[in-house]
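With the sequence shown counted from 1, adding 74 to any position gets you the working numbering.
Where is the CB? At the ideal position from N, CA and C, for every residue including glycine.
All figures in this text were calculated on a predicted structure; none of them were measured in a lab.
As C-alpha cells, the structure follows; a few thoughts come after it.
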Amino acid sequence: MKFLKVLLGIIVLLAIIILVGGLLLPKNYSVSRSTVINAPDSIIYKNIADFKEFYKWNPWAKMEPSAEVSFTGTPGNPGHQYNWKGKETGAGYMKITSVNPNKNINIDLMFIEPFESLADTKFDITPEGTANKVTWTMSGENNIISKWMCLIMGGMDKMIGKDFESGLASLKEKSEKEN
Numbered sequence: 075m076k077f078l079k080v081l082l083g084i085i086v087l088l089a090i091i092i093l094v095g096g097l098l099l100p101k102n103y104s105v106s107r108s109t110v111i112n113a114p115d116s117i118i119y120k121n122i123a124d125f126k127e128f129y130k131w132n133p134w135a136k137m138e139p140s141a142e143v144s145f146t147g148t149p150g151n152p153g154h155q156y157n158w159k160g161k162e163t164g165a166g167y168m169k170i171t172s173v174n175p176n177k178n179i180n181i182d183l184m185f186i187e188p189f190e191s192l193a194d195t196k197f198d199i200t201p202e203g204t205a206n207k208v209t210w211t212m213s214g215e216n217n218i219i220s221k222w223m224c225l226i227m228g229g230m231d232k233m234i235g236k237d238f239e240s241g242l243a244s245l246k247e248k249s250e251k252e253n
C-alpha cells in the first residue's frame with residue numbers, strides 16, 4: 075500500500091511538472107530561411123503559388139513520394155489547396171489565403187495527423203540586384219505537447235530549418251533551369 079502511495083505521488087508530481095513547465099516554455103515559434111535565385115520573380119512565384127509546381131520541389135514530398143496528394147482551386151489564387159496523406163508525413167493541407175503576384179504568397183498550413191496544428195506560412199520574393207531573394211517563413215503557436223517536443227528536439231528551427239534549406243535549394247535549381 076505504501077508503494078502505491080509513493081507511486082501515485084510520483085505520478086502526480088510528474089504531471090504537475092509537465093503542466094507547469096509547459097506553461098513556462100515559449101508559446102510561439104517562427105522559422106525563416108532565405109536564398110537568392112537567378113530567375114525572374116514570375117517563374118519563382120509560379121513555382122510556389124501553383125501547388126502542382128510546389129510539389130516538385132517540396133522537401134516533404136521528396137521524403138515520401140508515395141503519399142496521396144490532391145490539388146483543388148485555381149493555382150496562384152486564394153483557396154488553391156494542396157492536400158497530402160502519408161505514413162511518414164502524416165496528413166494535412168496547405169491553402170493559399172492571400173497573394174500579391176510575383177511578390178508574396180500567404181498560406182495556412184494545417185497539420186491533421188499525427189496531431190492537429192495550424193501554422194502561418196509565407197513566401198516573400200524581393201529583388202536583389204539582377205536576381206530575387208526568396209524568404210520562406212513559418213510561424214505559429216505551440217500547444218503543451220509541441221512545447222515539450224521542441225524543447226527535447228532543440229526547437230522548431232532545428233526541427234525544420236534544414237528542410238526549408240533543402241526546399242529552397244530545390245526551388246532555386248528548378249527556377250533557374252526554367253529561366
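Beta strand (DSSP E) segment containing Asn121, residue limits: Your numbering for residue 121 matches position 47 in the sequence shown. In this chain, Asn121 is not harboured by any beta strand (DSSP E); it is covered by the alpha helix (DSSP H) spanning Asp115 to Ala123.
Any chance the stretch 139-147 sits against the stretch 192-204, with 3 or more Cβ pairs inside 8 Å? Short answer: they don't touch.
Continuous beta strand (DSSP E) stretch holding Ala135: start and end: The count along the sequence shown starts at 1 and reaches residue 135 at position 61. Careful: Ala135 lies outside any beta strand (DSSP E), inside the alpha helix (DSSP H) at Pro133 to Met137.
Have a look at Ser108 and Met168 and give me their C-alpha separation to the nearest angstrom. Counting from one through the sequence shown, the residue named residue 108 turns up at place 34. Counting from one through the sequence shown, the residue named residue 168 turns up at place 94. In a straight line, the C-alpha of Ser108 is about 20 Å away from that of Met168.
Assuming Phe197 and Trp210 form a contact by the criterion Cβ under 8 Å, report the distance between their Cβ atoms to the nearest whole angstrom. On the sequence shown, position 123 is the one that residue 197 refers to. On the sequence shown, position 136 is the one that residue 210 refers to. Yes, they are in contact, since the Cβ atoms of Phe197 and Trp210 sit about 6 Å apart, within 8 Å.
Within the stretch 133-212, ranges of the alpha helix (DSSP H) (whole runs, at least 4 residues): 133-137
Between the Cα of Val110 and those of Ile170, Met212, Val173 and Asn206, spot the shortest distance and give me the residue it belongs to. Here residue 110 is taken as the residue at index 36 of the sequence shown, counted from 1. The option with the nearest alpha carbon to Val110 is Asn206.
7 Å Cβ shell around Tyr119 - same chain, five flanking residues per side excluded: One-based indexing of the sequence shown puts residue 119 at position 45. Counting only Cβ-Cβ distances below 7 Å, and skipping sequence neighbours, we find Pro175, Asn176 and Ile199.
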